[in-house]
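Heads up: the structure comes next, in structure tokens.
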Amino acid sequence: MTDLRSRSRWLLTIIASFFIVVLAIAAIDEDRLRTYVQGRFGAAAVRNVRDWRESVARLTGQGESERLQGINDFFNRHIQFQDDTVVWGQDDYWATPLEFLGRASGDCEDYAIAKYFSLIELGVPASRMRLIYVRARFGGPGSTVSVAHMVLGYYAQPQADPLILDNLLAEIRPASRRTDLTPVFSFNSDGLWMAGAEQPTAPVDRLSRWKDLLLRMRAEGYAP
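Reading the sequence shown from the start, the letters are residues 1 to 224 in full-length UniProt numbering.
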């Protein structure tokens, strides 16, 4: 009887989670998104947004690993990497997901941000994800050539070895297998962590670009 009750509670939790995700997706005014993108970026951008929304719909209700891989694949395959100076004429611009899709190009921060919010929309808790600033080493073991880079980390448990969603690789790998990456700090909607910290060390509001990003997302109509 105890096993039956446990299974029933587990099943009800799964069903409730599914409907929460469906309601969250339904709350996004897709007509408004398309109208905004059409007016600012043109018809090609509307097709990008349509493909994104179809991808989100297909992943709804799937397991967490399928959602992670599906979103990682979508942005890595649909968007071309390009520096902010080329796309926006600025040294460092954090694009909203709609801007990223509208231009169909962007840099590492834009990939990580778009994946983060798409996964939140699909029901992955923000507490399980962090946008991680790293130094990425190029040239193989022993190389001293490194650049600033951002990836998205997924933590199955708070102290778990995070899975890394990266525009540089199609495969999602644990951080322990990404010895080319050296963490500097990470953040999500709940706070900011310095490398090695177990608890947030500062509020995320300290990142002015993050606050500006959220304001622009709300103005566009996409704020999951």
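We put the beta carbon where it would ideally sit given N, CA and C, even for glycine.
Backbone secondary structure at residue i - three-state DSSP
i           : result
residue 124 : coil
residue 52  : helix
residue 88  : coil
residue 71  : helix
residue 32  : helix
residue 189 : coil
residue 38  : helix
residue 207 : coil
residue 200 : coil
residue 213 : helix
For residue j and residue i, the rounded distance between their alpha carbons
i           : j           : result
residue 118 : residue 97  : 8 Å
residue 124 : residue 64  : 7 Å
residue 78  : residue 41  : 16 Å
residue 208 : residue 93  : 11 Å
residue 132 : residue 168 : 14 Å
residue 228 : residue 150 : Shown here, the chain extends from 1 to 224; a query on residue 228 therefore has no answer.
residue 33  : residue 51  : 13 Å
residue 181 : residue 148 : 10 Å
residue 232 : residue 156 : Outside the shown range of the chain, which is 1 to 224, sits residue 232, and nothing can be said about it.
residue 183 : residue 74  : 25 Å
residue 158 : residue 139 : 32 Å
CB contact flag (residue i, residue j, <9 Å)
i           : j           : result
residue 45  : residue 102 : yes
residue 165 : residue 112 : yes
residue 84  : residue 221 : no
residue 99  : residue 216 : yes
residue 86  : residue 55  : no
residue 70  : residue 62  : yes
residue 130 : residue 174 : no
Integer Cβ distance of residue i from residue j, believed to fall under 8 Å
i           : j           : result
residue 227 : residue 146 : Since the displayed the chain opens at 1 and closes at 224, residue 227 lies outside it and no answer follows.
residue 230 : residue 122 : The question about residue 230 has no answer here: the residues shown for the chain are numbered 1 through 224.
residue 200 : residue 192 : 6 Å
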